[in-house]
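Written below as structure tokens is the structure these notes are about.
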Amino acid sequence: MASSLAMAAQERENLRRSQDYANAQSIPALWAIAAQKFAEILAVYDPHSKPEIRWTYGQLYQQMQQFAAGLQALGITPQPQADYPLRVALFSDNCPRWLVADQGIMQAGGVDVVRSSQADPEELLYILRHSGAVALIVEDLATYQKLRSGLNMPATEATPLQFIVLLSDEVPPQEGSVKVLNFQQVLQAASTLRPALIPQVDRGTLATLMYTSGTSGMPKGVMLTHGNLLHQVVAASGVAQPMPGERVLSILPIWHCYERTFEYFIFSRGCTQIYTNIRFVKQDIKDHKPHYMVGVPRLWESIYEGIQKQFRSQPANKQQLVEKFLRYSQGYIEAKRILQDLSLTNLHPTLIEKVMAVIKLPLLALLHQVGDRLVYSKVRLGTGGALKFVVSGGGSIADHLEDFFEIVGIPILGGYGLTETAPITHVRRPWRNLRGGDGQAVLDTETKIVDLETRQEVPVGKQGVVLLRGPQVMQGYFNNPEATRKAIDPAGWFDSGDLGFVTQWGDLIITGRAKDTIVLTNGENIEPQPIEDVLLCSPYIDQVMLVGQDQKVLGALIVPNRDAMQNWADQQGYGTVDLNSKPVQDLIKAELTQRVKERPGYRPDDRIGTFRWIEEPFSIENGLLTQTLKIRRNVVSERYGAIINEMFE
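26 is the number of the first residue of the sequence shown in the working numbering; add one for each residue after it.
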């Protein structure tokens, strides 16, 4: 069993500074403390709303209290004798009013049931019914209209809604027997600025139901308590201590646990959150100069590709200079990692390897500094010039992204966790940032690696299934005791379903997903994610998914990067690119072979024997990506089943 190793002195000191929140009993108590400490500091700024929203901590907390009072006037009150507090569905994406609704529900004595307004209507209606929600809050009139036909108005036993709220100021429709109000009308329903009834809650009280987005099947309702969420705030405080007024650029969906708990954390530190979206993010980074960002690998890939596109637009001599500096800097960071025992591909360097790194380092450091002055400093300016670090979760980060962002001086703190663990269980520290790893366990968190078949604990360094135990582990799945029993054993260990191992320093390394494993006919097990990450290094591949279950070799479904392909075709004098032409086919076959063979730990079974183009990119809209941008492998396999079958004929 591996637990947190001895904490660094900095982490212990950070935790000591966070005692205010360590003693809190509920998430609303966190906001009461923050509103008192940071009353005049700007809490939220949404430059893209109409009109713009700018609220200080004092103003934001006042809105929360008033919204809570309005909900109580509408019937959402504490239920001391009930098994669970009243549930209120909240179907909306990230915006300042989401925070008001979230904390208004909790302060009124309810539990919010959160999901994206962009989710499929059938999924939202399923969540509404499964959770037993008595009220519904939606982002706007369009979301309401999307669900209207399935709400069975007037209210039925299946959807016993007492009222519906629009978070917008749009005129609510007057139809059916269920009252529909807008945001301002809920505020007006409050008789005072404080809820009339103060709910009696503690850390064991249910705070929220978060329905897993999942890559297959209907979502399950994860029951997270106030204690689960508060643990995240305190544990994150041990890793970093943002200062009041520092800027955080928010792009991820707030209904996802990763973004939600990160926001609770940065608000506990008095930061200013600025809202953006995919359309504006690149410009907003430059304009608002954030100190911190939290994102998923796909976001960093997009930023990286934008920078690479700028490099490719330079004259040939400048491109060659940039490539030289990047090569020198690659050698510099690799030598530095060896000396610091932070090379994932060489966790136990020999004395000779360390001596060679010492010899190389001075010259490489000098060349890196020149590259920083001429190239990398401009990259940082392009990202606002103020980033202290970015946090990445929701999937593994490809090695080329880890290398590039380290070279240009933008630290990435990768982490690991699941909705069922609220979500963070591991995170890389600024003082131990093992690139490619998933970090060390956070406060009071235990990790155990067991054999997939025998379920017996395996030695340090050996791969197995990752089990987790700690204060952040969920109560269970709502109204699903069977699934809860499968997920959490009697000793409190949660089965993550992920494969990984732990180093002697306590670093967790996730190697794949147990159920994503591709088994070839020779019996070899292949984890697709690491190979896919390597293939994404190719400028010609925009998205990729490996297939090959019960086949002799792996195959790949590839969404091409058409701009890069056309640039290549122009350089070769081919004119308009033809993806099915022999030169293009030969190019991609060579790319696949080279990228896979260069991957650390390459085995012959990793070879990709065949591929097919997919014209339509994987997206949320076409159902091929989850809301957190993970490939729905089963959906892709079903939709392109005929192509996959043809690949292996």
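All residues carry an ideal CB built from backbone N, CA and C; glycine is no exception.
Quick check: the Cα distance between Gly-83 and Thr-233, rounded to an integer number of angstroms? 24 Å
Starting from the Cα of Ser-338, find the closest Cα among Gly-634, Cys-562, Asn-592 and give me that residue. Asn-592
Quick check on Ala-183: buried or exposed, where buried means 16 or more other Cβ atoms within 10 Å of its Cβ? Summary for Ala-183: the model assigns pLDDT 49, below 50, so the residue's position carries little reliability, and this model does not support an answer.
Which residues share a DSSP beta bridge with Gln-568? Val-584
Which partner residues does Glu-482 have in the DSSP bridge list? Val-475
Would the beta-carbon of Pro-436 fall within 8 Å of that of Pro-448? no
Assuming Tyr-317 is part of the beta strand (DSSP E), what are its boundary residues? 317–320
Quick check on the burial criterion: 16 or more other C-beta atoms within 10 angstroms. Buried or exposed for Thr-450? buried
Helix or strand or just coil, what does DSSP make of Asn-39? helix
Curious, which full-length alpha helix (DSSP H) runs of at least 4 residues does the region 498–586 contain? 506–512, 553–560
At the level of alpha carbons, what is the spacing between Lys-660 and Ile-639? Checking the sequence shown, residue 660 turns out to be Val, not Lys. Taking the straight line from one Cα to the other gives about 14 Å.
In angstroms, rounded to a whole number, what distance separates the CA positions of Ala-411 and Gln-610? 43 Å
Let's see if you can read the secondary structure: which residues bound the alpha helix (DSSP H) around Asn-342? 341–364
Residue of Arg-657, Ile-363, Glu-674 minimising C-alpha distance to Leu-376: Ile-363
Buried or exposed: which applies to Met-235, given that a residue is buried once 16 or more other Cβ atoms fall within 10 Å of its Cβ? buried
Which of the three DSSP states, helix, strand or coil, is assigned to Phe-287? helix
Kindly confirm or deny that the region 102–113 and the region 121–141 touch, where touching means at least three C-beta pairs closer than 8 Å. yes
Within the region 204–275, note down every full alpha helix (DSSP H) run reaching 4 residues or more, in order along the chain. 208–214, 251–264
State yes or no: is the C-beta of Pro-506 nearer than 7 Å to some heavy atom of the ligand SAM? In the structure shown, the ligand SAM is absent, as is every other ligand, since no ligand is present at all.
For Pro-555, which of Ile-566, Pro-625, Lys-540 has the nearest alpha-carbon? Pro-625
Let me check understanding here. Comparing Cα to Cα, which of Phe-292, Arg-294, Asp-309 lies closest to Tyr-300? Asp-309
If you reduce the DSSP assignment to three classes, tell me which class Asp-732 lands in. The question about residue 732 has no answer here: the residues shown for the chain are numbered 26 through 674.
Contact set for Cys-282: own chain, Cβ-Cβ below 7 Å, skip 5 residues either direction: Met-235, Thr-444, Ala-447, Pro-448
Three or more C-beta pairs below 8 Å linking the region 477–491 and the region 313–324: no
By the 10 Å Cβ neighbour count, where 16 or more other Cβ atoms means buried, how is Asp-145 classified, buried or exposed? exposed
What is the rounded straight-line gap between the Cα of Ile-534 and the Cα of Asp-424? 13 Å
Does DSSP classify Trp-80 as helix, strand or coil? strand
Are there 16 or more other CB atoms within 10 angstroms of the CB of Thr-168, so buried, or fewer, so exposed? buried
Does DSSP put Gln-298 in a helix, a strand or coil? strand
Rounded Cβ spacing between Ala-114 and Leu-161 (contact assumed at less than 8 Å): 5 Å
If I follow the unbroken beta strand (DSSP E) through Arg-624, where does it start and stop? Premise fails: Arg-624 is in no beta strand (DSSP E) and is neither H nor E.
Can you give me the Cβ contacts of Ala-180 inside the same chain, cut-off strictly under 7 Å, excluding the 5 residues immediately before and after it? Confidence in Ala-180 is poor, its pLDDT being 46 and thus under 50, which makes the residue's placement unreliable; the coordinate value appears in the next sentence. Excluding sequence neighbours, Ala-180 sits near Leu-186, Ser-202, Val-203.
Suppose the cutoff is 7 Å on Cβ atoms and the five residues either side in sequence are ignored; what does the same chain contact list for Phe-63 look like? Tyr-82, Pro-269, Gly-295
Close beta carbons around Phe-503, own chain, < 8 Å, minus the five adjacent residues each side: His-155, Ser-156, Leu-234, Lys-245, Gly-246, Val-247, Met-248
According to DSSP, simplified to helix, strand and coil, what is Ile-645? coil
How many angstroms separate the CA atom of Gly-440 from the CA atom of Phe-287? 12 Å
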